[in-house]
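A.B. asks: When you line the sequence shown up against our numbering, it's residues 437 to 582, in that order. This is the structure I have questions about; it appears just below.
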Amino acid sequence: MQEFIKLTPVIDYEFALELTRSNMNFYYQKHNIQWEDHCFATNWQKSENFGVYLKNQCIGVLRQEHDLQATYLADLQIKSDLQGQGIGNFILNYVKQLAQIRKKNLVSLVVFLDNPALFLYQRHGFSITQKNEVLARMECPLTQPS
């Protein structure tokens, strides 16, 4: 399936908003967090946004931000019926490779502790560096290509 996956910076904002809201709804309700569209819009403006396409159909969203040292994985969303098929693996490899090309030292993210994606991140070399009762900050150090 990975040969049919591509990422492109052209993406429909409304699709990204709806997919993210839908995928995160369970965690927001469970942890009594209020979803706010204006926060998503503000973060959208400051992130580098990609559509994840499978056979020319947009099936996901990747949002990332950068500083001098790190890439911050702000959002990785895949349509729920396509999760667990290796698409997240493909995207994480892409994120890490792009960060290395851009000379970043690490990739960082925040995930709900009860989100199964936490195990995906661990398999990709991320470890928990901070946590509270709900969220974990994870980091993956990168080695620079020689």
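The beta carbon of each residue, even a glycine, is placed where N, CA and C say it ideally should be. Note that the structure is predicted; figures quoted are calculated from it, not measured.
1) Please report the straight-line C-alpha distance between Gln-513 and Asn-568, rounded to a whole angstrom.
2) If distances are taken between C-alpha atoms only, which option among Ile-537, Tyr-464 and Lys-466 comes closest to His-502?
3) Would you tell me roughly how many angstroms separate the C-alpha atoms of Ala-535 and Thr-444, rounded to the nearest one?
4) So what does DSSP say about Glu-450, is it helix, strand or coil?
5) Which word fits Asn-459, buried or exposed, when buried means at least 16 other C-beta atoms lie within 10 angstroms of its C-beta?
6) When the Cα atoms are used, what is the spatial distance from Thr-478 to Leu-453?
7) Taking DSSP as the reference, what is the three-state secondary structure of His-467?
8) Assuming Lys-540 and Leu-490 make a contact with CB atoms under 8 Å, what is their CB distance in whole Å?
9) Tell me the residue span of the beta strand (DSSP E) that contains Lys-482.
10) Within 10 Å of its beta-carbon, does Lys-532 have 16 or more other beta-carbons around it, so buried, or fewer, so exposed?
11) Among residues of its own chain, excluding the 5 on either side of Ala-506, which ones have a beta-carbon nearer than 6 Å to its beta-carbon?
12) If you check the beta carbons only, do Val-488 and Asp-511 fall under 8 Å apart?
13) Where does Asn-529 sit, in a helix, a strand or coil, going by DSSP?
14) For Tyr-449, is the classification buried or exposed, using 16 other Cβ atoms within 10 angstroms of its Cβ as the cut-off for buried?
15) Only counting the same chain, and skipping five residues up and downstream in sequence, which positions put a Cβ closer than 7 Å to that of Lys-482?
C.D. replies: With the structure as the only source:
1) As a position in the sequence shown, residue 513 is number 77, starting the count at 1. As a position in the sequence shown, residue 568 is number 132, starting the count at 1. Answer to the nearest angstrom: the Cα atoms are 23 Å apart.
2) In the sequence shown, counting from the first residue as 1, residue 502 sits at position 66. Relative to His-502, the option among Ile-537, Tyr-464 and Lys-466 whose CA is nearest is Ile-537.
3) Reading the sequence shown from its first residue, position 99 is the one you call residue 535. Reading the sequence shown from its first residue, position 8 is the one you call residue 444. Rounded to the nearest angstrom, the two C-alpha atoms are 16 Å apart.
4) Taking the sequence shown and counting its residues from 1, one reaches residue 450 at position 14. In the structure shown, Glu-450 falls within a helical segment according to DSSP collapsed to helix, strand and coil.
5) Reading the sequence shown from its first residue, position 23 is the one you call residue 459. Buried is the call here.
6) What you label residue 478 is simply residue 42 of the sequence shown in a count that begins at 1. What you label residue 453 is simply residue 17 of the sequence shown in a count that begins at 1. C-alpha separation (whole angstroms): 12 Å.
7) As a position in the sequence shown, residue 467 is number 31, starting the count at 1. If DSSP states are grouped into helix, strand and coil, His-467 belongs with coil.
8) Residue 540 sits at position 104 when you count from the first residue of the sequence shown. Residue 490 sits at position 54 when you count from the first residue of the sequence shown. Not really, about 27 Å apart at Cβ, beyond 8 Å.
9) Working through the sequence shown from its first residue, we reach residue 482 at position 46. Note, Lys-482: premise wrong, no beta strand (DSSP E); alpha helix (DSSP H) at 473-482.
10) Along the sequence shown, read from residue 1 onward, the residue named residue 532 stands at position 96. By the neighbour-count rule (16 or more Cβ atoms within 10 Å), Lys-532 is buried.
11) In the sequence shown, the residue the question calls residue 506 occupies position 70. Counting only Cβ-Cβ distances below 6 Å, and skipping sequence neighbours, we find Lys-540, Leu-542 and Ser-544.
12) For this step, residue 488 is matched to residue 52 along the sequence shown. For this step, residue 511 is matched to residue 75 along the sequence shown. Cβ atoms of Val-488 and Asp-511: not closer than 8 Å.
13) Residue numbering aside, residue 529 sits at position 93 when the sequence shown is read from its first letter. Asn-529: helix per DSSP, three-state reduction.
14) The residue you call residue 449 lines up with position 13 of the sequence shown. That one is exposed.
15) By one-based count along the sequence shown, residue 482 stands at place 46. Excluding positions up to five away in sequence, the list reads Glu-501.
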